Amino acid sequence: MATHAEITASLQAFNEGYQKNKKLKIMNKDWNRVILIEASDIKSQHTLTLQNGELSITEGGPKNQNADLVVTSDSETLADLFYGDITPTEPYMNGTLVIKGSEDDIVRLDFISLMIWGE
Amino acid sequence: MKRVVSVSLGSSRRDHQVQVELLGEQFEISRLGMDGNFEQAMAKLQQLDGQVDAIGLGGIDIYVYAGNKRYAFKDGLKLMEAVKITPVVDGSGLKNTLEREVVTYLLQNTNFIKKGTRVLMVSAVDRFGMAEAFAEAQCDVTFGDLIFAAGIPYPIKTVQELEETAARLLPEMTKLPFHMLYPTGKKQESRDEEKAQKFAQYYHDAEIIAGDFHFIKRYLPDKLNGQIIITNTTTAADIDLLRQSGASCLVTTTPVFEGRSFGTNVIEGVLVALLGKSWEEITPDEYRDIINKLNFKPRIIEMAN
Chain A
1 MATHAEITAS LQAFNEGYQK NKKLKIMNKD WNRVILIEAS DIKSQHTLTL QNGELSITEG
61 GPKNQNADLV VTSDSETLAD LFYGDITPTE PYMNGTLVIK GSEDDIVRLD FISLMIWGE
Chain B
1 MKRVVSVSLG SSRRDHQVQV ELLGEQFEIS RLGMDGNFEQ AMAKLQQLDG QVDAIGLGGI
61 DIYVYAGNKR YAFKDGLKLM EAVKITPVVD GSGLKNTLER EVVTYLLQNT NFIKKGTRVL
121 MVSAVDRFGM AEAFAEAQCD VTFGDLIFAA GIPYPIKTVQ ELEETAARLL PEMTKLPFHM
181 LYPTGKKQES RDEEKAQKFA QYYHDAEIIA GDFHFIKRYL PDKLNGQIII TNTTTAADID
241 LLRQSGASCL VTTTPVFEGR SFGTNVIEGV LVALLGKSWE EITPDEYRDI INKLNFKPRI
301 IEMAN
């Protein structure tokens, strides 16, 4: 089991990977989304906000708006995922990782993480 | 008589059956759409296994390519592995030869392609031979794989970038259900209005629009401005649609039987049945030789608007 602090650190690593990738910022200029990351086994929520290609991460749920995507998994999987130790596809396909949102948005989120951590 | 059946994840509304003679052999060729129902496709493949001379898998890729790397879709492999006896193909072997040569044919026999011609390939990894041929002809190519498969408005402009992006994404993306990346079943009958509008500029900027017809059709804007379309699997209704949209010309890469341009999976199935070998044993040269013997040439339809 990972802690809230570990998930926060993994999301910071994810954000650093995103910030380094100029191409990703260009690719996501049209994709303004609020994404809630929620652990299923501990009390831990984070909000990823994409606005004009810029990514920001805050602790807690989204303020004054609903999330477009809700990503739920156990804390260990979330930390592994955002550290890039595992890819999202397998836990998504076996049901460990649950993503609520449109199919197009799910593919897009998968794509971002692969562009950061892929082969 | 040899029987070749294409089992497609696409719409059953496009089903058809023809009889043709090829190199002295009688062929019955049919296409069966499974309306996006994966389990039904598995059952149909198992039922046909051992009963026909070759099976084509339509509406889904097993293999896609970028450079020397081949990536296999998990869903495509599952379908292929359901067939134990009959040779089963997805058209990818033929795409690498026939469709590459279509570009060469057009270079030599038409004025459609020249240095700097703006080409939109709606997806390139499923037609890497054609993609490379356009790049070798020094066309200004936009590879639309990210745009149309992932909804990301990022045009890939070089084969190198296509290969790098594919290497990063495809090992994992190919594990996703195929319908998340490609229009299957009923999605093949409707246009994605939002994306057709959002991505219309890519169509309008191009002089040639090439690649998978289901992608082309799903994101087709209201009006084209005289583009040449290079594709296959078009029906008479599709030709009308392109004409009304304002395309100037349609080039189909596969031969036409009874007014219908078949998918590469069907034609590859026919060639495998003619060669009497499993597809793994067939070399590109053997495909080229038999294509020449069959005198397969692209069909060019001028569209008066």
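As you go down the protein sequences, you meet chains A and B in turn.
Taking full-length UniProt numbering, the leading residue of the first sequence gets 1, the next gets one more, and so forth.
Taking full-length UniProt numbering, the leading residue of the second sequence gets 1, the next gets one more, and so forth.
Don't be surprised by glycine CBs; every beta carbon is placed ideally from N, CA and C.
Quick caveat: nothing in here was measured; it's all calculated off a predicted structure.
(message) Rounded to the nearest angstrom, what separates B:A135 and B:I230 at their Cα positions?
(response) 15 Å
(request) With B:Q19 as the anchor, note down where its alpha helix (DSSP H) starts and where it stops. (result) No alpha helix (DSSP H) holds B:Q19; the beta strand (DSSP E) holding it covers H16 to L22.
(request) Would you mind giving the Cβ-Cβ distance between residue 308 of chain B and B:I291, rounded to the nearest angstrom? I have them listed as a contact below 8 Å. (result) Since the first and last residues shown for chain B are 1 and 305, residue 308 of chain B lies out of range.
(request) Compute the beta-carbon to beta-carbon distance between A:E54 and A:K25, rounded to the nearest angstrom, for a pair I have assumed lies under 8 Å. (result) 7 Å
(request) Over the uninterrupted alpha helix (DSSP H) stretch that includes B:I228, give me the two end residues. (result) No alpha helix (DSSP H) contains B:I228, which is instead part of the beta strand (DSSP E) from I228 to T231.
(request) At 9 Å on the CB atoms, spell out the chain A contacts of B:R288, in chain order. (result) In chain order: nothing, as chain A lies at least about 33 Å away.
(request) Decide if B:Q227 is buried, meaning its Cβ has at least 16 other Cβ atoms within 10 Å, or exposed. (result) buried
(request) Kindly identify the DSSP beta-bridge partner or partners of B:Y71. (result) B:V64
(request) Could you please give me the residues that DSSP links to B:Y26 through a beta bridge? (result) First, the amino acid is wrong: residue 26 of chain B is Gln here, not Tyr. For B:Q26, which the question treats as bridged, DSSP gives the partners B:E21.
(request) Tell me whether B:D205 sits in a helix, a strand or coil according to DSSP, three-state version. (result) helix
(message) Strictly under 8 Å for the Cβ-Cβ distance: is B:E28 near chain A by that measure?
(response) no
(message) Tell me the DSSP secondary structure of B:K95 in three-state form.
(response) helix
(message) Beta-carbon within less than 6 Å of B:Q138's beta-carbon, same chain only, minus the 5 sequence neighbours each way: which residues are those?
(response) K115
(request) Given a cut-off of 8 Å, decide if B:V7 and B:A41 are closer than it, judged by their beta-carbon atoms. (result) yes
(request) State yes or no: is the C-beta of A:I112 within less than 8 Å of the C-beta of A:N28? (result) yes
(request) Report the residue from A:G17, A:D68 and A:S44 whose alpha carbon sits nearest the alpha carbon of A:Q51. (result) A:D68
(message) Using C-beta distances below 7 Å, list every residue in its chain close to A:R33, excluding the 5 sequence neighbours before and after it, in chain order.
(response) L50, D68, L69 and D105
(request) Verify whether the separation of the beta carbon atoms of B:N96 and B:P284 is less than 8 Å. (result) yes
(message) Residues of the region 38–57 of chain B in Cβ contact with chain A at a cutoff of 7 Å, in chain order, please.
(response) none
(message) On the criterion of 16 or more Cβ atoms from any shown chain inside 10 Å, does B:D145 qualify as buried, or is it exposed?
(response) buried
(message) Determine whether the beta carbon atoms of B:V64 and B:V5 lie at a separation below 8 Å.
(response) no
(request) Report yes or no: do the region 90–102 of chain A and the region 148–155 of chain B share at least 3 C-beta pairs separated by less than 8 Å? (result) no
(request) Starting from B:I291, follow its DSSP beta bridges and name the residues at the other end. (result) Paired residues: none, contrary to the question.
(message) Considering Cα atoms alone, identify which of B:Y287, B:D90, B:A72 and B:E207 is closest to B:R118.
(response) B:E207
(request) Might you give, ordered along the chain, the residues of its own chain that have their beta carbon closer than 6 Å to the beta carbon of B:L106, omitting 5 neighbours on each side? (result) F112 and I113
(request) With distances taken Cα to Cα, identify the nearest neighbour of residue 314 of chain B among B:I239, B:G259 and B:R14. (result) In the structure as shown, chain B begins at 1 and stops at 305. Residue 314 of chain B is therefore absent and cannot be evaluated.
(request) Return helix, strand or coil for A:L50, following the three-state DSSP convention. (result) strand
(request) Spell out whether any CB of chain B is found under 8 Å from the CB atom of A:L36. (result) no
(request) Starting from the beta carbon of B:E25, find every residue of chain A whose beta carbon is closer than 7 Å, and list them in chain order. (result) The premise fails here: B:E25 is roughly 43 Å from chain A at the closest Cβ pair, so nothing lies under 7 Å.
(request) Taking B:G151 as the query, report the chain A residues whose CB atoms sit under 8 Å from its CB, ordered along the chain. (result) D104, V107 and R108
(request) Name the residue from B:L224, B:Q47 and B:F213 whose alpha carbon lies nearest to the alpha carbon of B:T253. (result) B:F213
(message) How far does the beta strand (DSSP E) with B:E302 in it extend, from its first residue to its last?
(response) R299 to E302
(request) Starting from A:L114, find everything on chain B with Cβ-Cβ shorter than 8 Å and list it in chain order. (result) R168, L169, E172 and M173
(request) Identify the continuous alpha helix (DSSP H) that holds B:V270 and give its terminal residues. (result) T264 to L275
(message) Can you find the residues in the same chain that come closer than 7 Å, C-beta to C-beta, to A:W31, ignoring five residues on each side of it along the sequence?
(response) L50 and R108
(message) Give me the residue from A:H4, A:E90 and A:G101 with the minimum Cα distance to A:H46.
(response) A:H4
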